[in-house]
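Visitor: Residue numbers for the sequence shown follow the working numbering, beginning at 77 and rising by one. Ideal Cβ positions, reconstructed from N, Cα and C, are used throughout, including at glycine. Please find one structure pasted underneath; my questions will follow.
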Amino acid sequence: MAFCDKCGAYIPDGQTGCLACGYDEAEKERIEQEQAAAAAAAAAAEEQAEKERDTGNYYSFSNEELREKLEEQRRKQQEASRKWAEQEKQRRQKAAEQGYTVHSGETFKSTTEKAKKTASSFAKNSKLLAALSYLGVLFVLPFLFNSKDSFSVYHAKQGAVLFLFSILSGILKSFPIVGAVLTLFKWFCIYKGMSNAINGIIQPLPYIGQLGEKF
């Protein structure tokens, strides 16, 4: 047997609401539970929204810092490029004032360096041809390829004299002692002449070299 808490009327078995005043305790508990659940859900939603706002502000702040750093790096790179361009311009102007040519980042004195390289190459070829002049008929090489160079032509004349002497020594080779002496002297002249040519020395061969200076 149950009675209404509000008006005290009898509530039949199986009923939850009062027939007299309409008060329903079960319905009240259900409404209260729904209100509590709604309040809890609202509080949770507010908390989540607050977290999302905080997270959004954090990432927004980080992205801003990143943009600032990238902009600062870009400015530094531009400044470094500008300084390099100014230095390169000054270097080229200075090189031009001193008579240098700038090419591919290298500076060299155009006229002087090219002349030195040409002279060096010419000297090497001249010495090589001069040295070959003492090897048989190769004395003709300076006359054919470097006739304007007095150094190689001089040794070519000495080589021509030595070539004639070699023919003579070959004829006299039948005489044992004389032939041996002439052969040794020929090899000595070859060594002496090639040594002089390689070292850039103008000097006649012993005894027979004076004939070459008369040509």
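What would DSSP say about leucine 204, mapped onto helix, strand or coil?
Guide: Correct three-state label for leucine 204: helix.
Visitor: Alpha carbon to alpha carbon, what distance is there between glutamate 140 and alanine 156?
Guide: One C-alpha to the other measures close to 24 Å.
Visitor: Under three-state DSSP, which class holds serine 250?
Guide: In the structure shown, serine 250 sits in a helix (DSSP, three-state: H, G or I).
Visitor: Secondary structure at serine 242, three-state DSSP: helix, strand or coil?
Guide: If DSSP states are grouped into helix, strand and coil, serine 242 belongs with the helices.
Visitor: Between valine 178 and alanine 236, what straight-line distance do the alpha-carbon atoms span, to the nearest angstrom?
Guide: Bear in mind that the predicted position of valine 178 carries a pLDDT of just 44, short of 50, making it too unreliable to give a figure here.
Visitor: Short of 7 Å in beta carbon distance, which residues of its chain neighbour glutamine 286, apart from the five on each side in sequence? Order them along the chain.
Guide: Correct list, in chain order: Pro280.
Visitor: Please report the distance separating the alpha-carbon of valine 229 from that of isoleucine 278.
Guide: Valine 229 and isoleucine 278: Cα-Cα distance of roughly 11 Å.
Visitor: Just curious, the alpha helix (DSSP H) that glycine 276 is in, first and last residue?
Guide: No alpha helix (DSSP H) contains glycine 276, which DSSP labels as neither H nor E.
Visitor: Buried or exposed: which applies to tyrosine 135, given that a residue is buried once 16 or more other Cβ atoms fall within 10 Å of its Cβ?
Guide: Confidence is the limiting factor: at tyrosine 135 the pLDDT is only 45, short of 50, which leaves the residue's position unreliable and the question unanswerable from this model.
Visitor: CB leucine 258 to CB serine 245, shorter than 7 Å?
Guide: For leucine 258 and serine 245, yes; Cβs fall inside 7 Å.
Visitor: From the DSSP output, in three-state form, read off isoleucine 56 for me.
Guide: Residue 56 is absent from the structure shown; the chain starts at 77 and stops at 291.
Visitor: Using 7 Å as the threshold, is the C-beta distance between leucine 205 and leucine 217 below it?
Guide: Result yes, Cβ atoms of leucine 205 and leucine 217 sit closer than 7 Å.
Visitor: Can you find the residues in the same chain that come closer than 8 Å, C-beta to C-beta, to phenylalanine 264, ignoring five residues on each side of it along the sequence?
Guide: Correct list, in chain order: Pro282.
Visitor: Among the candidates Glu162, Glu164 and Ala273, whose CA atom is the shortest distance from the CA of serine 226?
Guide: That would be Ala273, whose Cα lies nearest to the Cα of serine 226.
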